[in-house]
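Numbering (this note's numbering), first residue to last: 6 to 417. Report on the following structure.
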Amino acid sequence: MSEALEENVNGQIDTAQWRDGAWKAPFGESIMRTLATPKRMLVRGEGCRVWDIDGREYLDFLAGIAVNALGHGHPALVSAVSAQIGTLAHVSNYFSTPSQLELAQRLRTITGAGEGGRVLFGNSGAEANEAAFKLARLNRGPHGRRTRVLALHNSFHGRTMGSLALTGKPPMREPFEPLPGGVQHIDSTIHALEAAIDDRVAALFVEPIKGEAGVLDLPAGFLQRARELTEQHGALLVVDEIQTGIGRTGKWFAFQHDGIVPDAVTVAKGLAGGVPIGALVTFGRASDLFTQGQHGSTFGGNPLATTAGNAVLAEIERADLVGNAARRGKELKQIIREFDSPLIGAVRGHGLLIGIGLTDGEAHRLSDAALDQGLIINAPNESSIRLAPPLIVGDAELADFRERFGRALASL
Ligand SMILES: *Cc1c(COP(=O)(O)O)cnc(C)c1O
């Protein structure tokens, strides 16, 4: 994007006043204390690169936390969203639109839910999980209401009260208790699951790879065993694919690596390439649980967001970005393993969702050093680095990553 267009995009805002860090004090004063003051203010992007307000360029290997699947300013997304906002941006759920129906059909296809599948649209990941939690409450058993829900320790499912109840991180939960009841967190082991499950369990919530916990893989065979046990006890298996879905791991959805069929999948981040969206996709009998009026959202499924979703999915298909994620993910892991640094431990994850375990707790220092070298990566905790680049990365970006990450490591 040209600088003239940048001025135009930033509209009436006088950006000059905020150069050289002058934006930081007003940020600290006016934005809620839930957010730490960020390290940089960004003003434009193109492909896998972004620029800050002082004109410095960065290679973006975080993609807004696995959101910008097509990178920044992708022509397919820009033209679709521009055309849609020029006609119908929003219509309310008293009306349908072609883009809403098209995206629902596409989601049924790529998840494998097929003709028995249904889609409920919302605006974020937390909302998708909130809907799945409500769905679980409707799953009645032989003794009537099922009172228990299982989720995993150290999991992340969102920040609203319901999704927070599912989240397995006590420091996030405790200030907001009491949370919606009945959720029990268990260790991410087959043994713990076998010990905890019974006929009073309404649902089991699982992230196939725990992104927020530092990109932690589940133990081998966990999802298959979870499928068997939930089936046996009539519990719903809900797979949270908010971070792992939409091609990121080298399949459309991470659960597809394990060959299982879940009862519900939640999707958000990468689905509309940066336009807010979330969706709950149900399979089989789980599609019949909600009845008319039991859930809804004013913005959910609006033509702007669903047009963005269709554009993203169509481009992923056209350019085989699922295949690219698988291939580039392998190359990226190889590049990381080739660094002869005592700091680098296990390399985790799948496709283009990669975790680097650090041998000491220096993850924030390393991500700051990378930023200084023009590379955006992320430290979800002190011992892990997370990489989630746009699915469009190619040779040039990987070469650039190698160089900038190497410089960051050397600078520590
Ligand atoms: C990001 C994320 C969420 C929450 O999504 P929001 O859009 O931030 O509400 C839930 N689950 C997982 C696995 C996530 O990565």
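Cβ atoms here follow ideal geometry from the backbone N, Cα and C, with glycine treated the same way.
Setting aside the 5 residues that flank it on each side, Trp23 is surrounded in the same chain by Met46 and Ile58, each with a C-beta closer than 7 Å to its C-beta; the list follows chain order. Remark: the C-beta of Arg164 is in contact range of ligand 1, defined as less than 8 Å to any heavy atom. When only Cα atoms are considered, Pro103 and Thr296 end up about 23 Å apart. By a beta-carbon distance limit of 8 Å, Gly127 contacts Ser302. Their separation comes to about 5 Å.
Taking the Cα positions, Gln17 is about 14 Å away from Val48. Shown here, Ser87 sits in a helix according to DSSP, grouped into three states. In this structure the region 352 to 371 touches the region 214 to 222; the number of beta carbon pairs closer than 8 Å is three or more. Ranked by Cα distance from Val398, the options Val317, Ala85, Ile202 and Arg54 are led by Arg54. In the DSSP assignment, Ala94 falls outside any alpha helix (DSSP H) and carries neither an H nor an E. Non-local beta-carbon contacts of Lys29 in its own chain, meaning distances under 6 Å to residues more than five positions away in sequence, involve Thr42 in chain order. The C-beta separation of His79 from Glu402 comes to about 14 Å, leaving the pair out of contact by the 8 Å criterion. At the C-beta level, Leu108 and Thr364 stay beyond 9 Å of one another.
If you draw a straight line from the Cα of Pro395 to the Cα of Leu67, it is about 8 Å long. Ligand 1 has no heavy atom closer than 8 Å to the beta-carbon of Ser292. Secondary structure at Val317: helix, using DSSP grouped into helix, strand and coil. Relative to ligand 1, even the nearest heavy atom lies 8 Å or more away from the CB of Thr254. Secondary structure remark: continuous alpha helix (DSSP H) runs of at least 4 residues inside the region 268 to 344, in chain order: 308 to 323 and 326 to 343. The beta carbon of Glu336 sits closer than 8 Å to those of Leu403, all from its chain and outside the five residues before and after it, given in chain order. Exposure of Ile36 is indicated by the presence of fewer than 16 other C-beta atoms within 10 angstroms of its C-beta. Inside the region 369 to 401, DSSP marks whole beta strand (DSSP E) runs of 3 or more residues at positions 383 to 386 and 389 to 392, from first to last along the chain.
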